[in-house]
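S.K.: Quick note, the sequence shown lines up with residues 64 to 173 if you use this note's numbering.
Every residue, glycine too, gets a C-beta built ideally from N, C-alpha and C.
My structure is below; once you've seen it, I'll send some questions.
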Amino acid sequence: MAVIEQVLPLSNDGRAEFEVNMALMAEAAAQPELAKTRDEAHRLLSELFLRVAEMVTGMSRENNEVRQAARRLHALVDGLSFHLLHHSPEDDPGWALDIMRAEVANLHRS
């Protein structure tokens with residue numbers, strides 16, 4: 064869970080990093096040279112979630128279920144990050160962490 068908490072915008076630094084990432088995605092449409100940086104950031108996050116899914120399930124990334132679990136984790140973090148950005152930094156992010164804990168627990172039981 065600690066790794067996932069690091070990529071969620073839970074702190075001021077995390078929020079700023081996510082805002083930069085969102086701006087990079089938006090600006091890449093107008094400035095195609097930014098697409099490589101955007102795509103590399105996405106690839107690195109995908110790899111991170113693949114490793115998390117492997118660790119939690121105890122299975123290899125060669126397993127389709129592990130790859131699907133990694134995609135779900137990545138999509139869930141992306142969505143939660145977007146929603147967290149709409150909340151005040153002073154708001155308790157516990158609801159987002161609860162959702163992630165439940166997903167990780169479900170993967171662990173799989």
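1. Are ALA48 and LEU87 close, meaning C-beta to C-beta below 9 Å?
2. Am I right that LEU36 and ALA159 are in contact with their C-beta atoms under 8 Å? What's the rounded C-beta distance?
3. Roughly how many whole angstroms lie between the Cα atoms of GLU90 and GLU82?
4. Return yes when the Cβ of LEU148 is within less than 9 Å of the Cβ of ILE162, no when it is not.
5. Any idea what DSSP makes of ARG124, helix, strand or coil?
6. Relative to the C-alpha of PRO72, which residue among GLU153, ARG172, ASN169 is closest?
7. Roughly how many angstroms separate the alpha carbons of ASN84 and ARG101, rounded to a whole number?
M.R.: Short version:
1. The question about residue 48 has no answer, for the chain in this structure spans 64 to 173.
2. No information on residue 36 is available, as it lies outside the stretch 64 to 173 that the chain covers here.
3. For the purposes of this step, residue 90 is taken as the residue at position 27 of the sequence shown. For the purposes of this step, residue 82 is taken as the residue at position 19 of the sequence shown. Approximately 12 Å, taken between the alpha carbons.
4. Here residue 162 corresponds to residue number 99 of the sequence shown, with the count starting at 1. Here residue 148 corresponds to residue number 85 of the sequence shown, with the count starting at 1. No, Cβ-Cβ distance for ILE162 and LEU148 is not below 9 Å.
5. Within the sequence shown, residue 124 is the residue found at index 61, counting from 1. In the structure shown, ARG124 sits in coil (DSSP, three-state: anything other than H, G, I, E or B).
6. Within the sequence shown, the letter at position 9 stands for residue 72. With distances taken between Cα atoms, PRO72 lies closest to GLU153.
7. Taking the sequence shown and counting its residues from 1, one reaches residue 84 at position 21. Taking the sequence shown and counting its residues from 1, one reaches residue 101 at position 38. Approximately 8 Å, taken between the alpha carbons.
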